[in-house]
Structure formats: C-alpha cells, structure tokens
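Have a look at the structure below, then the notes.
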Amino acid sequence: MDHGKFQGLKQWKCEGDPAHVLGLLRRIESSVLVDGTIIRYHTAQLMLFKESVNLHDAMPDEIEVAGTVEGMMLTSMKWTCTCCGKVKTWHPGEEALLWIKMNGRR
Ligand SMILES: [Zn+2]
C-alpha cells in the first residue's frame, strides 16, 4: 500500500512515541447469517504494518502490511513497535468498539 492511504484512517500508534504508527484502523461492514436472517454489523479492522512507520522520518514509498485483525475475532493481541521495541496490546473491546461508536453514523 502507499502512504497516501493514511489519510482519513485512524492510526494505531505506539505507546512509547505517538509518531510511531504501528498500523491503521478502519471500520468495515460485515454480516453473519443467523437462523436464515442476515445480520449486518460494523466492526473494526486493524491493518498491521510489518515495520512501524516513524512520522519523524521520511515516509516510506511503500508500506508492507503484515496482516489484518478484525475487532470481534479475538480478545487481545500484542504487537511490537519496530521503531522502539515497545509492545502495545490490542483490546478490541475498548479502543476499537469505542471508535466504532463514535464513527458509526454516516
Ligand atoms: Zn515506538
């Protein structure tokens, strides 16, 4: 992906230095079939960068994505900032769900 895609997306930042961006958070629409009825819902998707982006440095031409995590799928996950080695824990129940609530209305 190219760094222009940073715009309009919530950055998931390092706890040691807010200039270190570990990934991007976006809201996605999902659906599940329950007893013949399709239930649609919004969830957060966290896209993790293989290498953290340091906003103090020049933006890399291309950012490698290590993988994506969806908010409802797990209870917590740890990710290490490659800039400073600080570990951040992903809590979908707190950060993501609050963010969905605030951004959920179009
Ligand atoms: Zn960091």
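With positions in the sequence shown counted from 1, the corresponding number in the working numbering is that position plus 30.
Each residue gets a CB set at the ideal place from its N, CA and C atoms; glycine is no exception.
No experiment lies behind these values; they were computed from the predicted model shown.
{"Query": "Is Lys-80 closer than 7 angstroms to Glu-59 when the C-beta atoms are compared?", "Result": "no"}
{"Query": "Let me know if Gly-53 comes out buried or exposed under the rule of 16 or more other beta-carbons within 10 Å of its beta-carbon.", "Result": "buried"}
{"Query": "Beta-carbon within less than 6 angstroms of Lys-40's beta-carbon, same chain only, minus the 5 sequence neighbours each way: which residues are those?", "Result": "Leu-55"}
{"Query": "Report back the beta-carbon spacing between Val-117 and Thr-110 to the nearest angstrom; my notes put them in contact at under 8 angstroms.", "Result": "5 angstroms"}
{"Query": "Taking C-beta to C-beta, are Gly-97 and Leu-85 nearer than 7 angstroms?", "Result": "no"}
{"Query": "Name the DSSP bridge partner or partners of Met-89?", "Result": "Answer by DSSP bridge pairing: none, since Met-89 is not bridged."}
{"Query": "For ligand 1, I want to know if Lys-108 counts as a neighbour, meaning its beta carbon is within less than 6 angstroms of at least one of the ligand's heavy atoms.", "Result": "no"}
{"Query": "Would the beta-carbon of Ser-82 fall within 7 angstroms of that of His-50?", "Result": "yes"}
{"Query": "So if DSSP puts His-72 in a beta bridge, which residue, or which two residues, is it bridged to?", "Result": "Glu-59"}
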